Amino acid sequence: MSTSIGDLKPLHAEYTRLTEKFKTYWTFHQFLQGIHKAFFGDAPGYQIDFQGLYDQIKNVSSAMTFTPPATLLERIQRLDLQLDQIHGKLADDDRKLAPSYVRRFFEKVRTEDEKLLLSLLRFYFYIRHASHDVLDKMDFLITLVGARRSIDDGRYMARFPQELAKLFGGFLGLITRAEPSASEVTRAVNGFAETRREIEACTRFEELTEKRILENLRTQKHQLGHALYDVQVLSAMLEANLAAKNKFQNLYEEEEQRILESSRQLLELEKELASDPRFVQGDIQEEFRKFREYKEAFERQQKEGEGVRHQEVTRLAETIDQLLSRLELPAGARTTPAGPFPAVAVPEPPAAAPEAATDPAAAPA
């Protein structure tokens with residue numbers, strides 16, 4: 311029985327889609343293995359026979375020369391269902407991991423390998439409705455993969471619109487969804503644009519706290535609902551993220567000096583007050599203990615290269631301000647919002663980033 315080239319075209323398209331889906335899930339499995347090993351010292355709890363499934367997919371390719379296309383398409387559909395079950399197992403394990411582990415993983419391995427980022431995002435876009443935690447993970451990854459650095463001043467900038475349209479369009483084409491209405495898209499895009507303008511207008515670090523801008527940005531994302539799945543909305547969200555990232559970095563440099571100077575001042579005062587009975591017996595000693603704890607955490611993040619996040623700056627700055635106020639000294643530290651945001655120090659990609667394996671047999675133990 312002969313098979314025409316026209317008959318093979320849809321078959322090849324389906325086979326290519328299947329293999330890409332397999333590689334996405336295989337890479338995500340490796341990613342979960344990496345997180346478990348790095349942060350928990352264990353392995354994911356699920357059992358998946360990737361090697362067996364890989365062999366079945368290879369057999370489809372081998373059978374294309376002598377098996378009717380309709381038979382092979384049925385076989386691909388069955389393999390597709392197996393992949394959907396695998397996605398469920400992987401998603402169940404991922405659901406147990408807070409979004410912060412995704413950020414910490416990339417900071418720990420110091421890579422922004424685009425192939426890995428794209429695979430992780432494809433996995434999340436296969437989820438029909440993203441939970442808040444999944445959205446936070448997607449948000450972090452989109453900010454990494456959608457940005458470029460200015461050669462003039464090092465600012466983070468969004469990729470060109472044509473690039474973003476192709477990038478986000480590819481994600482949105484993975485599964486069929488009802489498109490959000492034009493009004494939903496317009497409302498979301500305008501909301502992100504307004505937030506971006508508010509961020510860019512800030513000239514003092516404390517404005518980010520006083521106006522709750524970054525907290526409001528996160529709330530906007532969580533309220534997107536179905537409107538998230540649109541190229542314009544994803545692009546507007548990315549622009550707002552990068553505006554916040556640039557503003558935080560610019561204002562943080564000055565704020566860091568205030569924190570360091572105030573910390574030095576407080577450490578000297580603590581020594582002077584050590585013999586004062588009011589200090590020994592009062593609750594101010596507990597405030598000094600918290601100050602030292604938060605300061606050590608702040609310095610540890612700087613030393614380990616994980617970047618300083620808003621939460622750590624906030625609690626340290628607030629503790630410093632409270633102590634200076636109790637001691638009736640001028641406050642030198644300022645506070646910053648506690649909402650999550652990508653770390654200040656985003657690691658540059660290595661010269662030769664490791665590629666995710668496509669053959670399960672090549673997986674690390």
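The sequence shown begins at 311 in the working numbering and counts up by one. Beta carbons: idealized from backbone N, C-alpha and C, even for Gly. Model, not experiment: these values are computed from the prediction.
- Residue environment for T381: exposed (fewer than 16 other C-beta atoms within 10 angstroms of its C-beta).
- Contact between H339 and F360 is confirmed by a C-beta separation of about 7 Å, below the 8 Å threshold.
- Less than 7 Å separates the beta-carbon of Y436 from that of L484.
- Minimum Cα-Cα distance from D403 among the listed residues D443, Q366, D423, K425 corresponds to D443.
- When only Cα atoms are considered, E510 and A503 end up about 11 Å apart.
- Contact between M467 and A457 holds: their C-beta atoms lie close to 7 Å from each other, under 8 Å.
- Boundaries for Y436: no beta strand (DSSP E) harbours it, and the DSSP string shows neither H nor E there.
- Counted as a single uninterrupted DSSP element, the beta strand (DSSP E) harbouring M467 occupies residues 466-468.
- Note on geometry: alpha-carbon atoms of S573 and E422 lie some 34 Å from one another.
- When Cβ pairs closer than 8 Å are counted between the two stretches, the region 522-533 is seen not to touch the region 404-423, the count staying below three.
- Where R459 is concerned, the enclosing beta strand (DSSP E) starts and stops at 457-459.
- With a cut-off of 8 Å on Cβ pairs, the region 532-548 is not in contact with the region 593-602, counting fewer than three such pairs.
- Note on Y411: 16 or more other CB atoms within 10 angstroms of its CB, so buried under the neighbour-count rule.
- With contacts defined by Cβ atoms closer than 7 Å, P471 and A537 do not form a contacting pair.
- A check of alpha carbon separations from K531 across A498, L407, A553, L637 identifies A498 as the nearest.
- Boundaries of the alpha helix (DSSP H) around D394: 379-405.
- Inter-residue distance for L548 and F376 is about 48 Å (C-alpha atoms, whole angstroms).
- A distance of 7 Å or more separates the beta carbons of T505 and L477.
- A Cβ-Cβ contact shorter than 7 Å links L321 with P379.
- L318 is positioned such that its CB atom lies no closer than 7 Å to that of I386.
- Residue burial annotation: R459 is exposed, with fewer than 16 other C-beta atoms found within 10 angstroms of its C-beta.
- Boundaries of the alpha helix (DSSP H) harbouring E582: 541-583, taken from the DSSP string.
- Measuring C-alpha to C-alpha distances from Y325 to each of K368, T334, L577, T337 identifies K368 as the nearest.
- For the pair N556 and H439, the Cα-to-Cα distance works out to about 30 Å.
- In the DSSP assignment, D352 falls outside any alpha helix (DSSP H), carrying neither H nor E.
- Inter-residue distance for L431 and Q632 is about 42 Å (C-alpha atoms, whole angstroms).
- Within the same chain, Cβ atoms closer than 8 Å to the Cβ of K605 are found at S573, L626, the five residues on either side in sequence being excluded.
- Sixteen is the threshold: since fewer than 16 other Cβ atoms of the shown chains lie within 10 Å of the Cβ of Y356, the residue is exposed.
- Shortest Cα-Cα distance from F332 to any of D463, S545, K406, D390 involves D390.
- The three-state reading of DSSP puts G483 in coil, since its state is none of H, G, I, E or B.
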